[in-house]
Amino acid sequence: MPWIVAKFGGTSVSTRPRWENIARIAAAHRARGRRVLIVVSALSGVTDLLKHIAESGADEAAARAAQVEIVARHNALLTDLELPLRNALEGWLARLDQLIGDTRRATRALDWQAEVFSLGELMSSTLGARFLAAQGLDAHWLDAREHLVAQPLANQGAWSQTLSATVPAAPDAAFEGALAARGECFITQGFIARDADGKTVLLGRGGSDTSAGYFGAMLRAECVEIWTDVPGMFSANPRLVPEARLLARLDYEEAQEIATTGAKVLHPRSLGPLRRAGVPLHIKDTNRPQLAGTEIRAVASDAAPCVKAISARKGVTLISMETVGMWQQVGFLADVFEAFKRHGLSVDLIGSAETNVTVSLDPSENLVNSDVLSALASDLAKVCRVKVIAPCAAITLVGRGMRSLLHKLSTVLAEFGALDVHLISQSSNNLNLTFVVDEALVDDLIPRLHALLIRADALRAEDGAVFGPSWRELGAGAAASTRETWWRRERAALLALARETTPRYVYSLDAVRAQARALRAIGSVDRWHYALKANPHPAILRALQEEGFDFECVSLAEIEAVRATLPQLAPERILFTPNFAPREEYAAALAIGARVTLDALHPIEHWGELFSDREIHLRVDLGVGRGHHDKVKTGGAASKFGVALDEVETFRMLARKANARIVGLHAHLGSGILDANHWRSVYAQLASLAERFTRIESIDIGGGLGVPSRPDEAALDLAALGAALAEVKSAYPQFKLWMEPGRFLVADAGVLLARVTQTKRKGHVHYVGIDAGMNSLIRPALYEAWHEIVNLTRLDEPAAQMVQIVGPICESGDVLGANRRLPECREGDVILIAQTGAYGAAMASRYNLREPATEMVL
Amino acid sequence: METHTLNKGSPRAARAFRFIRRSYADGIASLVYAFDDGAELVERIAFPDAPVLAPERAQAFDAALDLLHLVAGVSYYKAGVPGDLRVESTTLDEATATFLDALYLHGLGEFAYHNKLDLRGRIRFPFSRTSSGAAPAIGLPHRALVPIGGGKDSLVSVEILKRAGEDATAVWVGNSPLIEACAARTGLPSLNIRRELSPVLFEYNKAGAYNGHIPVTAINSAILVVAAILYGFDAIAFSNERSASSATLEYDGQPVNHQWSKGWDFERTFGELVHASVAADLDYYSLLRPLSELAVAERFARTSRYDDAFSSCNRNFRILGPKPADRWCGQCPKCHFVFLALAPFMPKPRLLAIFGRNLLDDATLAPGFDALIEYHDHKPFECVGEGAESRAAFAALAQRAEWSEDALVARFADEIAPQLEARDLALDALLAPSGEHRIPERLVPFVFDAHC
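So the sequences go chain by chain: A and B. Sequential numbering from 7 applies to the first sequence in the working numbering. Sequential numbering from 30 applies to the second sequence in the working numbering.
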């Protein structure tokens, strides 16, 4: 009968529902005719409390306080599990009491510490055995120390022999036989083992995973299951990258690499024994056991090279050592590394040149809490010039066959090209490629790189054998099903309109109004402006004015368009926010009475008299200075918008000189943003900046509210946005909050109708030509924007063919949709391109002297 | 006539600033002011869970409230700086009037500089009594209020008081999640007093009233005197250090100190005034007065308890985030100085983890650090240490292998240090406590203690 080893971490053993879950999982395995060995961690938080005791030294009161809390935690759970308080854990608690009273506490003796720590797992497994029995599952309690025997490694110090020990676990038929003879279900402790003398030792950080790996190997289990709170390993940290894909299948080496370079879900030490024994490992989600999770097994023979994950480790310190002709100096590197050894620092990455060796140190408490780095640097300074570069982060691309993927990484490398990369390392096992950059860049960089890897087809997210759903999809469940759209309801009317003429844009004012009302409902925003560059169609302007919107214009012509459409509009409801506009436009806007935003020093410095006794708004570029790093600086300097933070004081001085009053601060950080926290952060930054001014009344956090386009993207959570804004607003009630959405209001309200002109097949690529091209809709070519495209004529037919939808413009970039599945298209069919209400007609041109699509309102 | 109506109560056109009345009920103090016959400006200060005032403290409380009313008026007075100060709520003695004259003149020094105003000879608080004699002791309980600001200084005070076994309560005025997070980290009981400025002031500001820096430490001090009487504390332990007393620059022959109310003159005169007019047993002092900024930094570095909670950044971060950049802007003189001052005293990785970046390896920040060491520039208007301290910190780092190659440290060593006298760059001399202070005798050893 095959064995399953199932390991449950701290949170999985801390509440009754979680224990019921364990019982269900074990019972399901039993029902399938498997023997089960359950490995458990201590209750969450208990190991930390035991650490307080282990490190209490002379402070008995601290130890006793932790003891009280430990007893309380376990008693609370016992009550919850409806187990008797007495008897169950009394033995272990008495032992804890003795250990606290032990004289070894003062010296923090290692063997004493090991025993203190071991109590967490001994108690959780004991109460688990009782509970499982009460649930009718006869789980034998097993003392892991009877079976896991540690062996000291060469060079292993006393500390790690006792507190981070290693067990040479290999398939052991005798052990398997003996255990099978005793029963079919067992529960034991993670994290603990014994040494050759029978003393308790610990397996170090992540020790429960390691225990499961050891037992899995010894029993030659069918599978080791690591039950945790997440669905598995992901292609990136899902907290940073919601689009990160679940890794459905990895080989041991890749998994080891990902676990080593960042992922916390699995401890890499657990994999070695399993790899040698050929036992697969599954990572499963305790809350959603039906999900497939991540399966780790031996490398498949037909595996193609592919990036599996991108990870980041923060807190990395680089030591750069420079000297002339070091390779000629025999023993230079030996001297250098001897210094690292002497100071107890282990080196991770190494990069070398003729005159420079740079190495990385992983974060450790030692570096932060002691002078070891200073001592090391002093020693090294005797033999070379030494520079300490920190805080850095190591960004690692992981995947088998990395070297054969380099040609696909050009866009990724270009991204790094814009940064100050301190070190690049390509591991000799060909499993990773690592870049060390400034730490502050990482959180923004990782999502970008992840998207680039997918776009470059280096991370083949569509390969269902390797990648599962994205984190966002898993979170949203099936919510991301087909969105209800107005144009599906209006199909007949749209087909009729297309018979009149194509290409043509059709707008739904109801859809505009619905978005406007949804925005107004979030609260906190005192003044909404419509950024009419998205779509200045008069009917849309009128509809939005009726919905209470003001208008943001970026050119004098836009101001004139608003005034022509809405002659009764009070001029102060127009916000003029141009960029590099000529002097006359500012003068004209001021003469009209519009509110004016300046985004450079030039106007206030050279045309100060224009703004004398006027109220002005200032657009700042929060990019500069925030991260203080080259990329951010390039980002800031490379953006032509806004006044850099370090020039704000100069601007104020010039405004004072010009007798202009700065009454508003504005920043706009980008577009298509789907994460509410971006505005929270911009708002908070602007507000804290505004407090240093004297007359700021309003904070304008711009627009950029994202509209999801791909089916797997979740919509911007307006409730979350409202809550984020309300939080900042309550901290800075003195400022009015302004926003200026554009695309969000109108994108979904417009569709582009076109007709199929020709179809073509080249090799196995099918082209569908339509009469709308990039002269009507340039977003796909300009921004690589993705628009949903349907064959409106054949909306109900199955999407049978993979096609490229192209326009009639003589440009190879005139592709409106690549690799789309559509029903077989025929000449004359009506093709609908969705979400084209924003930046569609507004950006149209007469390129090739082809007239762009006409516009009409439904 | 038309113009006159329009300007009625407009601060800059006003002839008089009036201290109309003040009151206290149910934990709320209300302070009322006006310009001429204009709208009443009412400031409210809320004392949470205020106990019923003990009768033996009533007189002291009354005096404290008067003092608060007079001190807090500076926020409003500055909107118009009229030449006539009318105190209608009480009568002043000469000592109080003299104190207020100095507070309004020096406390508004930077304000006057920026607004190009000359306040000399303009501020004359009227007095009609010589002196009412010393206020009696009222048996205040032996415990201290320690105001905290989220920066390193007050947290050093907290740790000193804890080590000395004092019964201390962390107190702050206003709403600040940063301070709240630091207060929680201290492990002390805490008290958060709320203050609400008159909304009329904002209207005035919009309409073009004078605006600028005010001596906020003086206002907070006066609030805490009221709180001490109300809740029963016999000490208010501020955390102002030695260099807070030095002038930021001279303007038109007058020294201008950005942080005058954090200086020794204010501490001494305010402390004496509290003894004389409020309660003889209420001590007001600064625990860090004999210490340089560097000495404070050295003491701060002794514990890592506040590393991921504190911020001295000039940008007031009311919305906290998990990243260092959410607490340290990295751009302002305070960020620069605190980074530099802590660097000699803590492991480099720890400092970089606090700030999330290495400000001393960013060549573009050279102008900011030059201002700190008074190279090419005058001292900026920020609460930062003396140039000598900054130069000594740089010199110390230039000797440290883990710092010496960083862009700004290397630049200091190559370009600036050769122009300086080596003996002026010694760190040790700057770490030694010195100068006047009002610290209670029993606490002095804990403050002076060079190493624990």
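Glycine included, C-beta positions come from ideal geometry on N, C-alpha and C.
Residues near residue i in its chain [Cβ-Cβ closer than 8 Å; skip 5 each side]
i        : result
B/Glu123 : Phe156, Arg158, Thr159 and Ser160
A/Pro609 : Arg589, Tyr592, Leu616 and Phe617
A/Asp556 : Arg533, Trp534, His535, Tyr536, Arg579, Ile580 and Leu581
B/Glu431 : Lys377
A/Met862 : Leu503, Arg510, Tyr511, Val512 and Tyr513
A/Val531 : Leu525, Leu731, Leu743, Trp744 and Met745
Those residues which DSSP pairs with residue i across a bridge
i        : result
A/Cys398 : A/Val322 and A/Asp444
A/Thr765 : A/Val774
A/Val42  : A/Ile10 and A/Cys191
A/Met862 : A/Val512
B/Ala264 : B/Ala173 and B/Asp312
Own chain partners of residue i with C-beta closer than 6 Å, once the 5 adjacent residues on each side are dropped
i        : result
A/Glu875 : There is no way to answer for residue 875 of chain A, as the model of chain A reaches only from 7 to 864.
A/Ala318 : Gly268, Ala399, Ile401, Val448 and Ile452
A/Leu675 : Val688
A/Ala760 : Thr508, Pro509, Ile776, Asp777, Ala778 and Ile837
A/Asp835 : Val762, Asn797 and Thr799
A/Tyr220 : Leu154, Val173, Ala175 and Pro279
B/His135 : Trp289
Listed by chain order, chain B residues near residue i by CB distance under 7 Å
i        : result
A/Pro158 : Per Cβ cutoff of 7 Å: no residues; A/Pro158 is ~31 Å from chain B at best.
A/Leu651 : Gln360
CA-to-CA distance, residue j to residue i, given in whole angstroms
i        : j        : result
A/Leu277 : A/Asp215 : 9 Å
B/Ala75  : B/Ile383 : 34 Å
A/Arg548 : B/Asp435 : 59 Å
B/Leu437 : B/Ala425 : 13 Å
A/Ser217 : A/Pro286 : 15 Å
A/Gly868 : A/Tyr258 : Coverage of chain A is limited to positions 7 through 864, which leaves residue 868 of chain A absent and any answer about it impossible.
A/Leu465 : A/Gln764 : 34 Å
A/Val752 : A/Ala520 : 10 Å
A/Lys663 : A/Leu695 : 21 Å
A/Ser736 : A/Ala315 : 40 Å
B/Arg153 : B/Arg47  : 13 Å
B/Tyr133 : A/Ile395 : 48 Å
A/Gly554 : A/Ala522 : 9 Å
A/Phe699 : B/Thr246 : 20 Å
A/Leu604 : B/Ala446 : 42 Å
Cut-off 7 Å between Cβ atoms - residues of its own chain near residue i, not counting five sequence neighbours on either side
i        : result
A/Thr507 : Thr860
A/Ala467 : Arg251, Ile460 and Phe473
B/Thr34  : Residue placement at B/Thr34 is flagged as unreliable, the pLDDT there being 37, under the threshold of 50; the coordinate-derived value follows with that caveat. Contacts found: none.
B/Phe441 : Phe423 and Ala427
Interface residues of chain B facing residue i [CB-CB closer than 8 Å]
i        : result
A/Asn375 : Ser333, Pro376 and Arg379
A/Thr700 : Asn234, Asn240 and Gly241
A/Pro397 : Pro378, Leu381, Ala382, Gly385, Arg386 and Asn387
A/Gly321 : Pro378 and Ala382
Neighbouring residues, chain A, relative to residue i (Cβ below 8 Å)
i        : result
B/Gly194 : Simply none; closest approach about 15 Å.
B/Gln88  : Within 8 Å Cβ-Cβ: nothing; B/Gln88 doesn't reach chain A, min ~37 Å.
Contact set between residue i and chain A, taken where Cβ atoms lie within less than 7 Å
i        : result
B/Phe231 : Gln740
B/Glu431 : Leu379, Ser380, Ala383 and Val394
Proximal chain B residues relative to residue i, where beta-carbon distance stays under 9 Å
i        : result
A/Thr842 : Under the 9 Å cutoff, chain B gives no residues; its nearest Cβ is about 37 Å from A/Thr842.
A/Asp444 : Arg386 and Asn387
Inset, instruction - Starting from the N-terminal side, write out each stretch of the beta strand (DSSP E) that is 3 residues or longer and does not extend beyond the stretch 527-562 of chain A. - result: Within the stretch 527-562 of chain A, the complete beta strand (DSSP E) runs of at least 3 residues are 533-537 and 556-559.
Inset, instruction - Identify every run of the alpha helix (DSSP H) within the stretch 670-741 of chain A, keeping only runs that are complete inside it and at least 4 residues long; order them along the chain. - result: Segments of the alpha helix (DSSP H) lying fully in the stretch 670-741 of chain A: 683-696 and 724-737.
Inset, instruction - Note down, one range per segment and in chain order, each alpha helix (DSSP H) of at least 4 residues found wholly within the stretch 196-243 of chain B. - result: Annotation: the stretch 196-243 of chain B contains the following complete segments of the alpha helix (DSSP H) (minimum length 4 residues), in chain order: 206-215 and 228-235.
Legend entry - Every unbroken alpha helix (DSSP H) inside the stretch 31-106 of chain B [4 residues or more]: Scanning the stretch 31-106 of chain B from its first residue to its last, the whole alpha helix (DSSP H) runs of 4-plus residues come out as 31-36, 87-101 and 103-106.
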